[in-house]
Amino acid sequence: MKVFFHVQHLLGIGHLKRAATLARALAADGFAVTLASGGMPVEGIEVLQLPPASSDASFKTLLDERGQPVDEAWKARRRDALLAAWHAAEADVLLIELFPFGRRQMRFELIPLLEAARARRRRPLIVCSSRDLIQWRPTREQEMLEFFERYFDRLLVHGDPAVARFNFGPIGKINDRLHYTGYVVDDFSRQEGVGAGEVLVSAGGGAVGQPLLEAALAARELTSLHEHPWRVLAGINAPESTLASLRQSAGPGVTVERARQDFTTRLANCVLSVSQAGYNTVMETLAARARAVMVPFARGGEAEQTMRTRLLVARGLVEMVEEEALDARNLAAAIERAFDRPRPSPGEIDLGGAKATGRLLRQWL
């Protein structure tokens, strides 16, 4: 059984990382998966690479691989490349990440893709793959609903309804096609000793993480953990200038790096984690049962990370500092609160979304 999976990451790499986790789980379950990525290439993730696009922090302007606004000719090339890949895959399932509940910027290629899938003589199963919480404007909910009802057979929500229910306004109209999978997170081994005793500070892909990392370095001396080793991971998308600035600010006992292949192992062994609150980082932190402080990204009107983090704070699983209140003193106080609490208990949240996705697709096929 063949799956064609379209994903577009624009600013961070979280969407691609979750899609890659799902693709690996589907492949392990016997599916042949084509993961078509429209974002900038990310080392270590195998994809069918479309002409890459990114966005500014406002998500209002779509940029090409040179950082220039895309034009109609670029959109036509990209659409044609996607349609050619789709026809070559001969897939039984078309899986589209987030659309129509997001990625409105990509309608120029997704509507032709969906029309091509629907017109095929042996029609594929068409499924939307979405995170637990979305950000949407009420003025666009009718458009979203119409796209979903016209093209999609099912909606996979990669979350646990005991934590957060899918927050689309007219959800009652599509409830019969909505299925929660549990949260999606990679399996990882717990190698004893690696990173033990560290305070681990991370900023996901690093495109917008510099304020958090700087605040963490400033907060270190204000905490009872100042004598522990601190490891600061700036992210694969952090500019070299950011990396150099952080290294200059770091004192003795602080290691500043771009990224680590053993991140999840260190997360499981660290004494405490300080991070942003993207979907993947949150789920890895919960799977690792790490004490954690999270600073959700909230610039440009973004609210998804804040919503999710507040729900986890209410369950006593993490501590939180709002981005607008981020400074050394507030972050140090949150670190102390997190360090004083026990590690989260295993099994508090359903983290089996990757395997459940394969089970559901197989059942529907």
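Those letters in the sequence shown? Residues 998 to 1362, by our numbering. Even glycine gets a Cβ: it sits at the ideal position worked out from N, Cα and C.
Among the options, the one whose alpha carbon lies nearest that of residue i
{"i": "A1113", "options": "Q1102, W1083, T1178", "result": "W1083"}
{"i": "R1233", "options": "L1152, Q1207, H1176, Q1139", "result": "Before going on, a small fix: residue 1233 reads as Ile here, not Arg. Out of L1152, Q1207, H1176, Q1139, Q1207 has the C-alpha closest to the C-alpha of I1233."}
{"i": "R1063", "options": "F1056, P1049, R1074", "result": "P1049"}
{"i": "L1348", "options": "L1019, G1250, I1010, V1198", "result": "L1019"}
{"i": "R1021", "options": "I1010, L1152, E1043, A1088", "result": "E1043"}
{"i": "G1248", "options": "W1227, R1263, E1254", "result": "W1227"}
{"i": "G1179", "options": "L1309, L1358, G1350, R1075", "result": "G1350"}
{"i": "R1101", "options": "L1122, L1047, R1134, L1092", "result": "R1134"}
{"i": "P1109", "options": "E1138, F1144, F1028", "result": "F1144"}
{"i": "P1341", "options": "P1293, L1323, L1269, E1299", "result": "L1269"}
{"i": "E976", "options": "V1318, L1197, A1330, R1305", "result": "With the chain represented from 998 up to 1362, any question about residue 976 goes unanswered, as that position is not in the structure."}
{"i": "A1322", "options": "V1315, L1314, A1331", "result": "A1331"}
{"i": "P1343", "options": "D1337, L1314, D1183, A1241", "result": "L1314"}
{"i": "A1335", "options": "E1320, E1069, V1290", "result": "V1290"}
{"i": "V1279", "options": "A1256, L1308, V1251, E1299", "result": "L1308"}
Cβ-based burial, residue i [other Cβ within 10 Å; buried from 16]
{"i": "N1172", "result": "exposed"}
{"i": "W1361", "result": "exposed"}
{"i": "S1272", "result": "buried"}
{"i": "A1159", "result": "exposed"}
{"i": "A1193", "result": "exposed"}
{"i": "G1297", "result": "exposed"}
{"i": "T1239", "result": "buried"}
{"i": "A1085", "result": "exposed"}
{"i": "Q1258", "result": "exposed"}
{"i": "R1115", "result": "exposed"}
{"i": "R1128", "result": "buried"}
{"i": "V1205", "result": "buried"}
{"i": "A1265", "result": "buried"}
{"i": "G1275", "result": "buried"}
{"i": "V1310", "result": "exposed"}
{"i": "R1288", "result": "buried"}
{"i": "T1136", "result": "exposed"}
{"i": "A1073", "result": "exposed"}
{"i": "T1250", "result": "Note on identity: in this sequence residue 1250 is Gly, with Thr being the wrong assignment. With fewer than 16 Cβ atoms within 10 Å of its Cβ, G1250 is classed as exposed."}
Where residue i falls: helix, strand or coil (DSSP)
{"i": "I1108", "result": "helix"}
{"i": "Y1177", "result": "strand"}
{"i": "K1057", "result": "coil"}
{"i": "S1238", "result": "helix"}
{"i": "T1220", "result": "coil"}
{"i": "Q1139", "result": "helix"}
{"i": "H1003", "result": "strand"}
{"i": "A1033", "result": "strand"}
{"i": "L1045", "result": "strand"}
{"i": "L1328", "result": "helix"}
{"i": "E1254", "result": "strand"}
{"i": "S1127", "result": "strand"}
{"i": "R1228", "result": "strand"}
{"i": "S1342", "result": "coil"}
{"i": "L1357", "result": "helix"}
{"i": "L1023", "result": "helix"}
{"i": "L1264", "result": "helix"}
{"i": "L1197", "result": "strand"}
{"i": "L1122", "result": "strand"}
Residues of its chain near residue i, where Cβ-Cβ distance is below 7 Å and the 5 sequence neighbours each way are ignored
{"i": "S1052", "result": "L1007, L1008, T1058, L1059, L1060"}
{"i": "L1079", "result": "A1033, L1047, E1106, L1110"}
{"i": "V1191", "result": "D1259, T1262, R1263, N1266"}
{"i": "G1203", "result": "A1231, G1232, I1233, N1234, A1235"}
{"i": "I1346", "result": "D1157, V1160, Y1180, L1283"}
{"i": "N1277", "result": "G1011, K1014, R1015"}
{"i": "Y1148", "result": "L1111, R1115, I1123"}
{"i": "R1076", "result": "F1105, E1106, P1109"}
{"i": "V1170", "result": "For clarity, residue 1170 is Lys in the given sequence; the question names Val instead. L1142, listed in sequence order."}
Residues near residue i by beta carbon distance below 6 Å, same chain, minus five either side
{"i": "V1261", "result": "Val is not the amino acid found at residue 1261; the sequence shown has Thr there. Only F1185, E1281 meet the Cβ criterion."}
{"i": "V1004", "result": "H1012, L1013, A1016, S1034, E1094"}
{"i": "D1026", "result": "G1355"}
{"i": "S1246", "result": "L1214"}
{"i": "I1216", "result": "The sequence given here has Ala at residue 1216, not Ile. If we look at A1216 and ignore the five residues flanking it on each side, its Cβ neighbours are A1325, L1328, A1329."}
Proximal residues to residue i (C-beta, below 8 Å), its chain only, five neighbours per side dropped
{"i": "I1131", "result": "L1095, F1098, G1099, F1163, N1164, F1165, E1301"}
{"i": "T981", "result": "What is shown of the chain runs 998 to 1362, which leaves residue 981 out entirely."}
{"i": "G1040", "result": "The question names Gly, but residue 1040 in the sequence shown is Glu. Correct list, in chain order: I1233."}
{"i": "L1122", "result": "D1089, V1090, L1091, D1150, R1151, L1358, W1361, L1362"}
{"i": "V1154", "result": "S1127, R1128, D1129, F1163, L1175, H1176, Y1177, T1178"}
{"i": "F1056", "result": "L1007, L1008, Q1102, G1297"}
{"i": "A1024", "result": "V1030"}
{"i": "K1352", "result": "A1022, D1026"}
{"i": "E1195", "result": "H1225, P1226, W1227, R1228, R1263, N1266, C1267, V1268"}
{"i": "M1141", "result": "P1097, F1098, W1133, F1165"}
{"i": "E1333", "result": "T1220, S1221"}
Chain B contact for residue i (CB, 7 Å cutoff)
{"i": "E1333", "result": "This model lacks chain B altogether; it includes just one protein chain."}
Could you pull out every unbroken beta strand (DSSP E) segment of at least 3 residues lying fully inside the stretch 1143-1174, listed in chain order? 1151-1155, all fully within the stretch 1143-1174.
Within the stretch 1063-1111, note down every full alpha helix (DSSP H) run reaching 4 residues or more, in order along the chain. Qualifying alpha helix (DSSP H) stretches, in chain order: 1069-1086.
Pick out the complete alpha helix (DSSP H) segments inside the stretch 1266-1319, 4 residues or longer, and give them in chain order. 1276-1285, 1301-1311
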